[in-house]
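Chains as they are written, first to last, in this note's numbering: chain A, 1362 to 1790; chain B, 1362 to 1790. Before any comments, here is the structure.
Protein chains: 2
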Amino acid sequence: MALPDSNLKSSMPNHLTIGLFGFGVVGEGIYRVLEELPSLNARIKTICIRDPHKPRAAPSALFTTDAAQLLQDPDINLVVELIDDAAAAYRIVTEALRSGRHVVSANKKLIAEHLPELLRLQQQHGGSFLYEAAVCGSIPILRNLEEYYDNDLLHALSGIVNGSTNYILTQQAKGLDYAGALKQAQELGFAESDPSLDVEGWDAANKLALLLAHAWGIVTPPEALLRKGITRLRPHDWAHAREKGWRIALTATATRLADGKVGALVLPRFVDEGHPLYGVRDEYNGLVLESRLADRQFLSGKGAGRYPTASAVVSDISALSYGYRYAYKKLRAGTGGGLSDEFSLDVFVGYGEGTRTGASAFDEVYSTFHSGSGGYITGRITAARLRATAWWQDPDVSVIALPEGFTAPERTRVSRGKVRDLLIAEPVA
Amino acid sequence: MALPDSNLKSSMPNHLTIGLFGFGVVGEGIYRVLEELPSLNARIKTICIRDPHKPRAAPSALFTTDAAQLLQDPDINLVVELIDDAAAAYRIVTEALRSGRHVVSANKKLIAEHLPELLRLQQQHGGSFLYEAAVCGSIPILRNLEEYYDNDLLHALSGIVNGSTNYILTQQAKGLDYAGALKQAQELGFAESDPSLDVEGWDAANKLALLLAHAWGIVTPPEALLRKGITRLRPHDWAHAREKGWRIALTATATRLADGKVGALVLPRFVDEGHPLYGVRDEYNGLVLESRLADRQFLSGKGAGRYPTASAVVSDISALSYGYRYAYKKLRAGTGGGLSDEFSLDVFVGYGEGTRTGASAFDEVYSTFHSGSGGYITGRITAARLRATAWWQDPDVSVIALPEGFTAPERTRVSRGKVRDLLIAEPVA
Ligand SMILES: NC(=O)c1ccc[n+]([C@@H]2O[C@H](COP(=O)([O-])OP(=O)(O)OC[C@H]3O[C@@H](n4cnc5c(N)ncnc54)[C@H](OP(=O)(O)O)[C@@H]3O)[C@@H](O)[C@H]2O)c1
Ligand SMILES: NC(=O)c1ccc[n+]([C@@H]2O[C@H](COP(=O)([O-])OP(=O)(O)OC[C@H]3O[C@@H](n4cnc5c(N)ncnc54)[C@H](OP(=O)(O)O)[C@@H]3O)[C@@H](O)[C@H]2O)c1
């Protein structure tokens, strides 16, 4: 069946001339993909790298180490920033926006830390700044939060947003030790150049900050978010997970509270078999969205690696060629109620020999276990009180959210008053 | 952190005045949702229904049975069509588009059967026609295929696209019989008024036709698609699934072939535990997309029911208020290679006592089982040859795709030449 093509010509894409910064895992991927997709109407004119002596799988005439050569080229209307140097990335992105150029970046740290300024520069100078690859790699979550979940009263999102920690945790669940698993993730190109960004949960916090902006119009410095990474997980925690048939995932979670504010945090979480995140393995990411009309939705896909990340960058380039920009409707509507730590969590708190972990911060203690080499407490605690405890960031304490819908074992559920007695009682086998 | 709001005013939404057709499961849902979302800048002016005597949970002044009152009202710039009368829906949608109005519909049958005409009417008269709710209810698949998977060389999609059959199959897997499960689905409002649309796979075929148009720019009459529903599933098939730890799902599948054409069909499928569709239960839908860069992606969400369906309709209304229309880029690019039946399938073919099921159509037979009350063949067959067999639509024959990545048991794998001998051999226990 033939299709008439009369008046759709108006939506022909604009031609984009690209200045590419970075030719590493993702940058070289973008170069290769654009070579194969002439239909995209986008061409790389110059590539800026750091080291002029590295051999490159592209014609040497394309390369320079002089950023100005790209940023001052009147031909270049799109800057694609894919480097691993935070300070340089900041200068490149802000200068490109200041000159009215469009920018695509995958640099969640830069974007999360400078969001208000980057929004202002877009508005003042007219460039469009897209960064889908910065959150959950290949999963089109930002675009969907902007365009699709716009009116569908979203009340929660929770997900695995960091591919390298998920890869590490998947290997650990199979019995590999932490150091070996981290090394593998680095060799496979999933990990950030500075691994603490991943394993301490900073990368997840950066992504959560961006999710909050696009989901509810909340702008927050990522440092303000309650955050714990995966470096404190103890062999006992893994044993507990195995015993219960659970996995451990590093999750970024945000929930709209009764007062309209949003509770948000990055925390390892036990995930049981019925939960959509249970099947999210290796470098995959997954996001569960809960909204009033649509109920529960789930999206998963690769969150790291050359081509999955490139797929999101290429989608941004394509969208730009059609004039797309994030509308930040929720931010402009100003209805996002801000963040709050006044919400409750069901957590497992593991501690080592000689560590003091007070149970007095808990509203309710479900169970306690203690032995010569440490123990754990499960119970309900508010985020605010968790943050205020002396032990929350103790290197020998793990804090892991209990599975969603966890039902406390009634037998061992003990009220707050009895906790102190229990804690000094004999170890339970 | 405050956000400057200088030049974003240009993206203020247009006001929409809605003429709503239908006040059933979905129509009444939309009415209620719009009442609660004044921010949407869309207002229902008149509602057209069939029966003027039914009590309605809305002011009676809103209602009419006269379609012309909506279609000729110069105030109404958006027609939302949510009725269950195919012929009337066709007249309403085409007339609304012919008058240049925007249209939102959830009527997959209408849209799939008249796609070329509906495209032409949009182009000739300028109205925008959106129908996200028509495919996978709340899952934003059409918008993502249009906008996001645009350049990411998609090579396959496969999914559970019909909520009521998935609900029925989920209940059957728990032991309920077919008739009881169908009745439940109807009572819950998931089933079409004419249940054969669901259970014979017609609804899935309609949705597959729409997916093909937005994924690859292929326009096909849904009747042309190879299709088998769930009415032929036999108790033996369920026993086989249970024995293997598989589920049965009705799936719509499309795969890009080596020659650029696409092989597409609707067929029940055994799904094993490692597959993303395994966890898609009840009225949920799920879609797996495979693409060259992003690799495998998975989306799931509710595919039927009042509010999940309404969530997609509301998203379309919101998008329209910002001037959105499907660009049908792939259709216009004309790169979709068309459909082909020259692709291979791994299938399980079950048959009853006295039924003749030839194995000669198979390229390879993996195993055969025969007993007094019938039996089955598993093997590899091309879609073209399956379609040409005498038994493919036999009421006593079930055809179920084997799990993805199914590895034929080497012991029993038999080449084509030996099949006839096996078929007349003694039953295998
Ligand atoms: N890898 C992933 O899976 C992934 C996923 C999502 C997002 N990201 C983000 O994508 C960005 C790039 O990551 P990557 O993994 O591709 O990094 P990478 O492999 O380490 O490559 C970094 C590239 O940046 C270049 N570079 C560093 N400093 C520079 C400077 N001052 N000027 C010009 N070029 C400079 C390097 O040049 P030389 O080649 O000369 O050393 C190298 O080509 C990061 O923001 C990262 O967070 C990555
Ligand atoms: N239900 C779902 O979960 C779901 C999911 C996806 C898509 N859809 C699609 O959404 C549409 C509506 O489904 P539904 O489940 O809401 O149907 P429904 O509950 O059966 O309601 C149908 C409505 O259409 C009205 N109607 C029928 N013929 C009419 C005519 N000629 N003029 C004006 N009104 C007429 C009926 O009027 P009376 O009230 O006077 O009888 C009734 O209000 C269908 O296209 C369906 O395929 C439904």
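A virtual CB, placed ideally from N, CA and C, is assigned to each residue, including glycine.
Span of the alpha helix (DSSP H), counted from its first residue to its last, around Asp1559 of chain B
On the second sequence, residue 1559 of chain B is found 198 positions in, with the first residue counted as 1. That run of the alpha helix (DSSP H) goes 1557-1560.
Simplified DSSP assignment, three categories, for Asn1375 of chain A
One-based indexing of the first sequence puts residue 1375 of chain A at position 14. Reduced to three states, the DSSP call for Asn1375 of chain A is coil.
Pop quiz: Ser1466 of chain B and Ala1495 of chain B are said to be a contact at Cβ under 8 Å. What is the actual Cβ separation, rounded to whole angstroms?
To locate residue 1466 of chain B, count along the second sequence from 1; it is residue 105. To locate residue 1495 of chain B, count along the second sequence from 1; it is residue 134. Contact between Ser1466 of chain B and Ala1495 of chain B is confirmed by a C-beta separation of about 7 Å, below the 8 Å threshold.
So with Cβ pairs under 8 Å, would you call Asn1523 of chain A a contact of chain B?
The count along the first sequence starts at 1 and reaches residue 1523 of chain A at position 162. No, Asn1523 of chain A does not count as interfacial toward chain B.
In the DSSP assignment, find the unbroken beta strand (DSSP E) run with Pro1669 of chain A in it and report its ends.
Residue mapping note: residue 1669 of chain A aligns to position 308 of the first sequence, counting from 1. Here Pro1669 of chain A belongs to no beta strand (DSSP E); instead the alpha helix (DSSP H) covers 1667-1682.
Within the segment 1444-1494 of chain A, note down every full beta strand (DSSP E) run reaching 3 residues or more, in order along the chain.
The segment 1444-1494 of chain A contains these whole beta strand (DSSP E) runs: 1463-1466.
So, helix, strand or coil for Arg1404 of chain B, using DSSP?
Working through the second sequence from its first residue, we reach residue 1404 of chain B at position 43. Looking at Arg1404 of chain B - three-state DSSP - the assignment turns out to be strand.
Using only the alpha-carbon positions, how far apart do Arg1791 of chain A and Thr1581 of chain B sit?
Residue 1791 of chain A is absent from the structure shown; chain A starts at 1362 and stops at 1790.
Sorted by chain position, which residues of the same chain lie with C-beta nearer than 8 Å to Ala1576 of chain A's C-beta, five sequence neighbours on each side aside?
The residue you call residue 1576 of chain A lines up with position 215 of the first sequence. So the list reads Leu1506, Tyr1510, Leu1515, Leu1518, Ala1615, Lys1691, once near-sequence residues are dropped.
Could you compute how far the alpha carbon of Gly1664 of chain A sits from the alpha carbon of Glu1553 of chain A?
As a first step, residue 1664 of chain A is located in the first sequence; it is residue number 303 there, counting from the start. As a first step, residue 1553 of chain A is located in the first sequence; it is residue number 192 there, counting from the start. The straight-line gap from Cα to Cα measures roughly 13 Å.
Could you tell me which residues DSSP puts in a beta bridge with Thr1743 of chain B?
One-based indexing of the second sequence puts residue 1743 of chain B at position 382. Per DSSP, B:Ser1705.
For the segment 1640-1666 of chain B, which residues have a CB atom closer than 9 Å to at least one CB atom of chain A, in sequence order?
Gly1640, Tyr1645, Gly1647, Leu1650, Ser1652, Arg1653, Leu1654, Ala1655, Asp1656, Arg1657, Gln1658, Phe1659, Leu1660, Ser1661, Gly1662, Lys1663, Gly1666
Nearest-angstrom Cα separation, counted from Gly1550 of chain B out to Asn1523 of chain B:
Locating residue 1523 of chain B in the second sequence gives position 162, where the first residue counts as 1. Locating residue 1550 of chain B in the second sequence gives position 189, where the first residue counts as 1. Taking the straight line joining both Cα atoms gives about 13 Å.
Delimiting residues of the beta strand (DSSP E) encompassing Val1580 of chain B:
Sequence index remark: in the second sequence, residue 1580 of chain B carries index 219 (1-based). Looking at the DSSP string, Val1580 of chain B is not in any beta strand (DSSP E), and its letter there is neither H nor E.
For a contact meaning CB atoms closer than 9 Å, what does Asn1505 of chain A contact in chain B?
As a position in the first sequence, residue 1505 of chain A is number 144, starting the count at 1. Chain B residues near Asn1505 of chain A: Pro1501, Arg1504, Asn1505, Tyr1509.
Where does Pro1416 of chain A land, buried or exposed, given buried means 16+ other C-beta within 10 angstroms?
Position 55 of the first sequence, counted from the start, is the residue given in the question as residue 1416 of chain A. Flag for Pro1416 of chain A reads exposed.
Please list the partners that Tyr1528 of chain A has in chain C, where partner means a Cβ-to-Cβ separation under 9 Å.
Annotation note: the requested chain C is absent from the structure, which comprises protein chains A and B.
Can we count Lys1415 of chain B as close to ligand 2, meaning its CB is less than 7 Å from some heavy atom?
On the second sequence, position 54 is the one that residue 1415 of chain B refers to. Yes; taking the cut-off as 7 Å, the Cβ of Lys1415 of chain B has a heavy atom of ligand 2 nearer than that.
If the cut is a Cβ gap below 7 Å, which residues of chain B does Val1394 of chain A touch?
Position 33 of the first sequence holds residue 1394 of chain A. For Val1394 of chain A, the chain B residues whose C-beta falls within less than 7 Å of its own C-beta are Leu1654, listed in chain order.
For Tyr1687 of chain A, return the contacting residues in chain B, with the cut-off set at a CB-CB distance below 8 Å.
Against the first sequence, residue 1687 of chain A aligns to sequence position 326. The contacting residues do not exist; Tyr1687 of chain A stays about 10 Å from chain B at best.
Interface residues of chain B facing Tyr1668 of chain A [CB-CB closer than 8 Å]
Here residue 1668 of chain A refers to the residue found at position 307 when the first sequence is read from its first residue. Result: Arg1653, Leu1654, Ala1655, Asp1656.
If the criterion is Cβ atoms closer than 8 Å, does the pair Ala1625 of chain B and Leu1586 of chain B meet it?
Along the second sequence, one-based indexing puts residue 1625 of chain B at 264. Along the second sequence, one-based indexing puts residue 1586 of chain B at 225. Yes, Cβ-Cβ distance for Ala1625 of chain B and Leu1586 of chain B is below 8 Å.
Exposed or buried, Thr1696 of chain B, counting other C-beta atoms within 10 Å across all chains shown (16 or more means buried)?
Taking the first residue of the second sequence as 1, we reach residue 1696 of chain B at position 335. By the neighbour-count rule (16 or more Cβ atoms within 10 Å), Thr1696 of chain B is not buried but exposed.
Verify the CB distance criterion: does Ala1422 of chain A have a CB-CB separation below 8 Å to chain B?
As a position in the first sequence, residue 1422 of chain A is number 61, starting the count at 1. No - not a single Cβ of chain B is within 8 Å of the one on Ala1422 of chain A.
Where does His1463 of chain B land, buried or exposed, given buried means 16+ other C-beta within 10 angstroms?
Here residue 1463 of chain B corresponds to residue number 102 of the second sequence, with the count starting at 1. Classification for His1463 of chain B: buried.
Run down chain A in chain order and give the residues with a C-beta less than 8 Å from the C-beta of Ala1671 of chain B.
By one-based count along the second sequence, residue 1671 of chain B stands at place 310. Simply Leu1654.
Through-space distance from Gln1658 of chain B to Thr1716 of chain B, alpha-carbon basis:
Your numbering for residue 1716 of chain B matches position 355 in the second sequence. Your numbering for residue 1658 of chain B matches position 297 in the second sequence. Straight-line Cα distance between these residues: approximately 40 Å.
At which residue ranges does the segment 1589-1656 of chain B contain complete beta strand (DSSP E) runs of 3 or more residues, listed in the order of the chain?
1608-1617, 1623-1632, 1645-1652
Using only the alpha-carbon positions, how far apart do Leu1648 of chain B and Gly1536 of chain B sit?
In the second sequence, residue 1648 of chain B corresponds to position 287, counting from 1. In the second sequence, residue 1536 of chain B corresponds to position 175, counting from 1. Straight-line Cα distance between these residues: approximately 26 Å.
Contact check, Ala1610 of chain B vs Leu1530 of chain B, beta carbons under 8 Å:
For the purposes of this step, residue 1610 of chain B is identified with residue 249 of the second sequence, where counting begins at 1. For the purposes of this step, residue 1530 of chain B is identified with residue 169 of the second sequence, where counting begins at 1. Their beta carbons are under 8 Å apart, which means Ala1610 of chain B touches Leu1530 of chain B by this criterion.
Which partner residues of Cys1409 of chain B appear in the DSSP bridge assignment?
Working through the second sequence from its first residue, we reach residue 1409 of chain B at position 48. Beta-bridge pairing links Cys1409 of chain B to B:Phe1382, B:Thr1425.
Pro1637 of chain B CB to nearest chain A CB: under 8 Å?
Numbered from its first residue, the second sequence carries residue 1637 of chain B at position 276. Answer yes: the Cβ-Cβ gap between Pro1637 of chain B and chain A drops below 8 Å somewhere.
Touch test, the segment 1677-1684 of chain B against the segment 1705-1715 of chain B, Cβ-Cβ under 8 Å, three pairs minimum:
no
Euclidean distance between Cα positions of Thr1333 of chain B and Pro1764 of chain A
Lying outside 1362 to 1790, the shown extent of chain B, residue 1333 of chain B is not represented and no answer is given.
How should Glu1561 of chain A be labelled, buried or exposed, when 16 other C-beta atoms within 10 angstroms of its C-beta is the threshold for buried?
Counted from its first residue, the first sequence places residue 1561 of chain A at position 200. The residue is buried, with at least 16 neighbouring Cβ atoms inside 10 Å.
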